[in-house]
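Here's the structure, in structure tokens; my notes come after.
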Amino acid sequence: MFTDLGHLSVIFALIACLYAAVVSPLGAQRNDDRLVQSGRLAALMTFPLVLIGCLGLWYALLTHDFGVKYVADVSSLATPIFFRITALWGSQNGSILFWCLIMSAFVAAAMVRDWDAAGDKPLLPYVTMTMALVLGFFLFLELFLANAFLRSDFPPQDGRGLNPLLRHPGMIIHPPMLYAGYTGLLVPFAFCIASLITRRSDDLWLRSSRRWTLVGWAFLTAGLLLGGRWAHDVLGWGGYWGWDPSENKPLITWLIATPFLHSAMIQEKRGMFKNWNVFLMMLTFASMFFGTAFIRSGLLTSVHAFAASDIGPFFMGAMIVILAACAMLWLTRLDVLRSENKLDSAFSREGIFLIQNVLFLSTSFTVFIGTIFPILSEAIGGTKITVGPPFFDQTAGPQMAALVALMGMAPLLAWGKSSGAAVSRQMIVPAAFALVVMIALFVGGANQPIPLLLFGLCAYTLAQTVMEYVRGVRARMRGGNESMPVALVRLAQKNQRRYGGYLVHLGVVLMAIGVIGKGFYGQDTITTPAVKLNESFTVGDYTFTYRGIRPVPCEFNDCQTMQAMLLISSASDGRVLGAAFPYRDYYPMQQHTATIPDISGTFNNEVYVILAGWDNNGATASFQVFINPLINWIWVGGVVMILGFFVCFWKVPEREPAAAPITARRPAPAGAPAK
Amino acid sequence: MPIGTLLLGLALLIIVAVVVALPLLGRKTPAIKPPSRREALEQERRAVISAIRELDFDHRTGKIAEEDYKRLREAQVARGAQILRELDALNDGDARDDARDDARDDARDDARDDARDDAHHDVDAEIEAEIARLRTIVQTDRRRGSAPTKQVICPSCGYAAGVGDKFCPQCGHRLGAQESSAGAMANAE
Chain C
7 MFTDLGHLSV IFALIACLYA AVVSPLGAQR NDDRLVQSGR LAALMTFPLV LIGCLGLWYA
67 LLTHDFGVKY VADVSSLATP IFFRITALWG SQNGSILFWC LIMSAFVAAA MVRDWDAAGD
127 KPLLPYVTMT MALVLGFFLF LELFLANAFL RSDFPPQDGR GLNPLLRHPG MIIHPPMLYA
187 GYTGLLVPFA FCIASLITRR SDDLWLRSSR RWTLVGWAFL TAGLLLGGRW AHDVLGWGGY
247 WGWDPSENKP LITWLIATPF LHSAMIQEKR GMFKNWNVFL MMLTFASMFF GTAFIRSGLL
307 TSVHAFAASD IGPFFMGAMI VILAACAMLW LTRLDVLRSE NKLDSAFSRE GIFLIQNVLF
367 LSTSFTVFIG TIFPILSEAI GGTKITVGPP FFDQTAGPQM AALVALMGMA PLLAWGKSSG
427 AAVSRQMIVP AAFALVVMIA LFVGGANQPI PLLLFGLCAY TLAQTVMEYV RGVRARMRGG
487 NESMPVALVR LAQKNQRRYG GYLVHLGVVL MAIGVIGKGF YGQDTITTPA VKLNESFTVG
547 DYTFTYRGIR PVPCEFNDCQ TMQAMLLISS ASDGRVLGAA FPYRDYYPMQ QHTATIPDIS
607 GTFNNEVYVI LAGWDNNGAT ASFQVFINPL INWIWVGGVV MILGFFVCFW KVPEREPAAA
667 PITARRPAPA GAPAK
Chain X
302 MPIGTLLLGL ALLIIVAVVV ALPLLGRKTP AIKPPSRREA LEQERRAVIS AIRELDFDHR
362 TGKIAEEDYK RLREAQVARG AQILRELDAL NDGDARDDAR DDARDDARDD ARDDARDDAH
422 HDVDAEIEAE IARLRTIVQT DRRRGSAPTK QVICPSCGYA AGVGDKFCPQ CGHRLGAQES
482 SAGAMANAE
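Heads up: the protein sequence lines correspond to chains C and X, in order.
Residue 7 is where the first sequence starts when you use our numbering, and the numbers rise one by one after that.
Residue 302 is where the second sequence starts when you use our numbering, and the numbers rise one by one after that.
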């Protein structure tokens, strides 16, 4: 009963969306706030309605209601309760419903905000309309093309169980994070559309949606990181990134949303780049929906193939119509989006932001072309050609390195115009630090020129970013009687966006160190021929001795697990360092094999061992061993990036000035009574 | 679908319909107020303050050459003065009707603005003081019906000094003919 009620509730949510999408703009047209408020409440109600829908499906999953097709597809009697909850987004139909839940939460959050206090009430009717239309589109998909509530006439006794790949903590948080990232970016998109419809030339939409953009960006970043961690722990790639279409899709969106965060500042501060910001916001919206369409349609083979279905063409067609409408709207508003100022000098912060924007977009375009190359090659030449990691490494890699370099330059420049002398002076200390690091690395044996240069670049940008804090703290200490810690805290409080942003930059540099370490110094060895029992092989500084293989109980009771044991010792002095237990799970129900690596080693030198296969009950076995230097800095960098977001986002309590100073600062007109 | 589920669904639909229909029962009020010039100016004033604050900070951290700093700051302060002139013109109309209400509104607006602004309490206070000074002069002149007072904006700190001042009363910078001819002269009226 609850499941059916959930189904009805989702139908009501779609009706509420349609009502909000019609009534809100009608209220604006007739200048009747009652209609606008009614539409607003209808949009707000979508959240509890979709939540009831999700609760209905969760109820079916928890009570093993295999009469619901989706429940039979993604769970079984053996599925633990935890994974029955996460199974809601374990396959296409449920994941669209879950996507709707998160989107409706953002819609509701946008609707409950105090629009009067925010001063952007003129945008409300059209923000409501845009958000309701997009949410309505997904609810329509859910109800008519990918219904998770459908029942089968002959319910099975047991379900198929959750996809083994999804039984990982990273997979539990990763999809909600990505969904929140995508749907969070819907809010600034809606503000952008509302601003265009109301023909506003100011930056109200940017100011009003600034924090929402940050939230969407942060969730997208966290989702990408967690996806990388999941791939690292479960997929047996040996790394964190495989340039898989499902990874590239959020990356492309991230590569467009990030320059938007920067260029939005130019419009807010200088009244420039108005068209560019609208273009970037529309591109962000387009990238997330086209990416989803490509992967969900099965046009691109990815690790998310489990989510492939026939909704792709419909999805794509509808999105083309929506985006064409957006583009038309934009083109008819070009006259109100003229810049208020001109670029004083290319040697300024806005100048370098422009270069950075172009570089970000070219990187995202490179990744996009590489991702859709199989489709392009098939359409043009009739043969599907997939480009692998070397293509992405060689094309996107240098552009990303250039972006790291720009991160080291941009903070030095002021708005308006900067002087070469001032910039050069500020480069001395970080450049000297980079030189020292490069010499130390060279002496330590790192003599390949490219990674040496890249590490130097990272050292320079790292030092430059730290120096920004130092300069800021010094300036504050000079200006007032502040101790260093107080100056540091107030510095960040006074300009949260700038100093939170620098923390994000620091995180990116730390990640870059991990990428360079893994990319240039990583080792990947497959044992051929297979290793015999008690035989040893050496990879890098480590010697591995194969000690046998054995069946072990499966963690989820629905698979057969074989686990190998390897003794790890130092290749130089034979000292035993530990043991590795890589294993493989075979799931007869899904006919799926999962290769789970053993990850050990030190913080700076990860040892990643995969059980590739075995013969004769384990008399011989083959292994793939990766040595991943510095890879853990990627995760550290990710955490620093998220911390940077919190610094940007955290709302510092405003200190309410006393009444007397206010009136003193802004005198009342003559004739007013003395206070 | 069982009848119980249908009844529950109907109850849910009624609840949603009632919530959505509630605003429709009230009196008609305008959805969109005509754009207020005053709000736009206040927003621009905040933007100017923010720009000057950033410029000062960039100057203090050595990112910008002295000459560029002065030029850019002068331009911002001049823009700030222009905005205040417009704001004063708007306020003046109100003041004629009811000076007392205007004063109260002004103070209330200020309180709201100040609460909404990010914590400007150091550089901002200085900028506000400059702007307030400009404003006081404008208002006093207007009330007295006297000719507008001319001022020179100090290129070093942006303070609105009197036209005859040789040195800036705020920072002591020498105010010469150069500043005036370079366009630093900001006519307060």
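Even for Gly, the Cβ is constructed at its ideal location relative to N, Cα and C.
Run of the alpha helix (DSSP H) containing Met415 of chain C, from where it starts to where it stops: 395-415
Spatial distance of Lys500 of chain C from Arg346 of chain X (CA atoms): 18 angstroms
Members of the segment 359-384 of chain X near chain C, C-beta cut-off 7 angstroms: Asp359, Arg361, Thr362, Gly363, Lys364, Ile365, Ala366, Asp369, Leu373
Residue range of the unbroken alpha helix (DSSP H) whose run includes Gln489 of chain C: Going by the sequence as given, residue 489 of chain C is Ser instead of Gln. Where Ser489 of chain C is concerned, there is no enclosing alpha helix (DSSP H), given that its DSSP letter is neither H nor E.
Bridge partners - Leu572 of chain C, DSSP secondary structure assignment: C:Tyr552, C:Ala586
Proximal residues of chain X, C-beta to C-beta of Gln362 of chain C below 9 angstroms: Ordered by position in chain X, no residue passes the 9 angstroms Cβ test against Gln362 of chain C, which lies about 17 angstroms from the chain.
Three-state secondary structure (DSSP) of Gln375 of chain X: The question names Gln, but residue 375 of chain X in the sequence shown is Glu. Note: Glu375 of chain X maps to helix in three-state DSSP.
Where Leu617 of chain C falls: helix, strand or coil (DSSP): strand
Nearest-angstrom Cα separation, counted from Ala341 of chain X out to Arg339 of chain C: 20 angstroms
Ala352 of chain X classed as buried or exposed, judged by whether at least 16 other C-beta atoms fall within 10 angstroms: buried
Presumed contact (8 angstroms Cβ cut-off) between Ala577 of chain C and Thr544 of chain C, rounded CB distance: 5 angstroms
contact_flag[the segment 642-651 of chain C, the segment 227-238 of chain C] where n(CB pairs < 8 angstroms) is 3 or more: yes
CB contact below 8 angstroms: Ile353 of chain X versus chain C: no
Under 7 angstroms by beta carbon: chain X residues contacting Asn37 of chain C: Pro331, Ala332, Ile333
Whether Pro265 of chain C touches Gln362 of chain C by CB criterion (8 angstroms): yes
Alpha helix (DSSP H) runs wholly inside the segment 94-150 of chain C, at least 4 long, in chain order: 98-118, 121-124, 130-150
Stretch pair the segment 604-618 of chain C + the segment 196-214 of chain C: three plus CB contacts closer than 8 angstroms: no
Status (buried if at least 16 other CB within 10 Å, exposed otherwise) for Asp403 of chain X: At Asp403 of chain X the pLDDT is 49, less than 50, meaning the model places this residue with poor confidence; the figure from the coordinates comes in the next sentence. Asp403 of chain X is buried by the Cβ-count criterion.
Option in C:Ala152, C:Leu168, C:Ala114 with minimal Cα separation from His598 of chain C: C:Leu168
Within 8 angstroms, strictly: CB atoms of Ala186 of chain C and Ile108 of chain C: yes
DSSP-derived helix/strand/coil call for Ala536 of chain C: coil
Through-space distance from Thr52 of chain C to Cys23 of chain C, alpha-carbon basis: 7 angstroms
Best match in C:Ala408, C:Phe397, C:Ala420 for proximity to Glu356 of chain C [C-alpha to C-alpha]: C:Ala420
Presumed contact (8 angstroms Cβ cut-off) between Val435 of chain C and Val515 of chain C, rounded CB distance: No, Val435 of chain C and Val515 of chain C are not in contact; Cβ-Cβ is about 16 angstroms, not under 8 angstroms.
Candidates C:Pro594, C:Arg166, C:Gln98: closest to His70 of chain C by CA position: C:Arg166
Cβ pair count under 8 angstroms reaching 3, the segment 519-535 of chain C against the segment 634-643 of chain C: yes
Residue range of the beta strand (DSSP E) that includes Phe225 of chain C: That residue, Phe225 of chain C, is in no beta strand (DSSP E); its alpha helix (DSSP H) goes 210-236.
Beta-carbon proximity of Gly422 of chain C to Asp350 of chain C, cut-off 8 angstroms: yes
Distance between beta carbons of Leu20 of chain C and Leu149 of chain C, contact taken as under 8 angstroms: 6 angstroms
Residues of the segment 340-351 of chain X with Cβ closer than 8 angstroms to any Cβ of chain C, in chain order: Glu340, Ala341, Gln344, Ala348, Ser351
Cβ-based contacts, 7 angstroms cut-off: residues of the segment 304-320 of chain X near chain C: Gly305, Thr306, Leu309, Gly310, Leu313, Leu314, Val317, Val320
Pairwise C-alpha distance: Ser269 of chain C and Trp282 of chain C: 8 angstroms
Separation of Gly624 of chain C from Arg590 of chain C, as counted between CA atoms: 13 angstroms
Cα-Cα separation between Cys746 of chain C and Phe296 of chain C, rounded to whole angstroms: There is no way to answer for residue 746 of chain C, as the model of chain C reaches only from 7 to 681.
C-alpha gap between Leu192 of chain C and Met137 of chain C, whole angstroms: 7 angstroms
Span separating the alpha-carbon of Val521 of chain C from that of Pro491 of chain C: 33 angstroms
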